[in-house]
DNA sequence: GCGCCTGTTTGACGTCGATCAAGGGCGTGA
DNA sequence: TCACGCCCTTGATCGACGTCAAACAGGCGC
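Chains as they are written, first to last, in this note's numbering: chain B, 19 to 250; chain E, 19 to 250.
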């Protein structure tokens, strides 16, 4: 989850995502090279893209849809440590074995790059490495913000912050508000809460008139200032 | 906190830290350039190196000592989002304003690089950018491991994991065990716990014969297998 | 429409850790 | 040696969130 997530009009010729994507740094000859190693792929919601421990043989650009990055304890407890949106890099370069499990939350569209050719290409294009570095730093900053939330915030603050964050990141839905790409269980995994606590907090906010829930995953923010105040 | 923290014998000519440090990638002419812009500086324990919001005018290599990376809520609640050990990069390149407050936990020795010359130098040395990228990715992986701990683990698991982690990272103390570079309050800030809970858990582990506490900051691990089992 | 399945909500209760409040232990300086 | 201050420890209590259990709602095939 990069901290700033612009939505520029410009699109990448190879994989149709926004300028911040990897391929945005390349000029024509390099684009051809990238195009040569890239493969488009569509996966349905719920599909596991990579399992933790698998040999990491590729990276990808997320063209459309949302992915969750899940880290698991030995005893089965799980925590979502990242959410990936269109334009984000999927997988880690220079890592032999996947540390996290990646799961499609919606139908997703990927532009896959086999890791070996991609890394070779990066070696010859410092600008691309530089871009990846900036992204990695942004993702790190985001992870640290998240740590603060997990370590210090109470349930209502977590929920309010999450709802506001999702609004920033997701396309507005028809009829206002937005459509959450996950159920209550995944919200809990993101925030370090149980599904029951998530549900109760949402109900309380609905009762207080701060949000409306026309359907399970359709969220309407009615009182943004109040939510922002709770989020801190 | 990078995930793997080797202690190779080789040392950097410029700032006397281990091979993983920035300067380790450079050959002689570049080393000269780096040496030209680097400045050594010693700071006492407790000193604030950078405050959140300050213009970030330099980066540094940590030569010796330990730093904490603190992120603060608007209401004053704080969370330590990183600990920096010798060889780690201090500050973020490409960032105009510090996001976190950096505080020396022990007396520290820094090799300071003004950000502008450093970034220029990076532009001309892709290998250095590459190294920074790998480090950033390692730090990110570490942050995510930490997120799992903050979000899902109970107090005893947090404490046990922390004690084992610190043993890996710190020099052994005279008489066995190691010397913690922080007090109970900072431990709480790292783990998302209060000082009282930290103290109680340590007392309980001491009572159970798993650790010994010859002095406040001197830790002896007596039953590593048990601690590892609790840590999960 | 009817039942079933899955995901969500709600309630009752228990527990862990925060909070509030005293009491040490130890180093420092008079 | 004593007093002061700073951490740290310990105890009592409270509240938030997890756990267990049951009811409920929407989507889908029949």
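Even glycine gets a Cβ: it sits at the ideal position worked out from N, Cα and C.
Going by C-alpha positions, residue 85 of chain B is about 43 Å away from residue 190 of chain E. Sixteen is the threshold: when 16 or more other Cβ atoms of the shown chains lie within 10 Å of the Cβ of residue 126 of chain B, as they do, the residue is buried.
One alpha carbon belongs to residue 105 of chain E, the other to residue 67 of chain E, and they sit about 17 Å apart. In the displayed model, residue 97 of chain B falls within a strand according to three-state DSSP.
In this structure residue 122 of chain E is buried. Its beta-carbon is surrounded by 16 or more other beta-carbon atoms within 10 angstroms. For residue 158 of chain E, the nearest beta carbon of chain B is closer than 8 Å to its own beta carbon. Beta-bridge partners of residue 127 of chain B (DSSP): B/60, B/82. By the 16-neighbour rule on beta-carbons within 10 angstroms, residue 243 of chain E is exposed. Here DSSP, grouped into helix, strand and coil, assigns residue 218 of chain E to helix.
With a threshold of 8 Å between beta carbons, residue 110 of chain B makes contact with chain E. Straight through space, the alpha carbons of residue 52 of chain B and residue 133 of chain B are spaced by roughly 12 Å. Residue-level contact check: residue 78 of chain B does not touch chain E, since none of the beta carbons of chain E fall below 8 Å from its beta carbon. By the CB criterion at 8 Å, residue 168 of chain E and residue 210 of chain B fall inside the cutoff. For residue 232 of chain E, the enclosing beta strand (DSSP E) covers residues 229-233. Looking at E/80, E/90, E/142, the one whose alpha-carbon comes closest to that of residue 124 of chain E is E/80. Shown here, residue 190 of chain E sits in a strand according to DSSP, grouped into three states. For the set E/187, E/113, E/181, E/92, the Cα lying nearest the Cα of residue 249 of chain B is the one of E/92. Bounds of any alpha helix (DSSP H) do not take in residue 119 of chain B; it lies within the beta strand (DSSP E) bounded by 119-122. In this structure, residue 114 of chain B and residue 74 of chain B form a Cβ contact; the two beta carbons are roughly 6 Å apart against a cut-off of 8 Å. Under the DSSP assignment, residue 142 of chain E falls in the alpha helix (DSSP H) whose first and last residues are 133-142. Bounds of the alpha helix (DSSP H) holding residue 209 of chain B are 202-209.
The contact set of residue 144 of chain B on chain E, defined by CB atoms closer than 7 Å, consists of 144, 147 in chain order. If you draw a 10 Å sphere on the C-beta of residue 72 of chain E, you find fewer than 16 other C-beta atoms in it, and that means exposed.
Chain B has no Cβ within less than 8 Å of the Cβ of residue 222 of chain E. Contact with chain E is absent for residue 71 of chain B, since none of that chain's Cβ atoms lies less than 8 Å from the residue's Cβ. Nearest in C-alpha terms to residue 205 of chain B, of all of B/228, B/224, B/173, is B/173.
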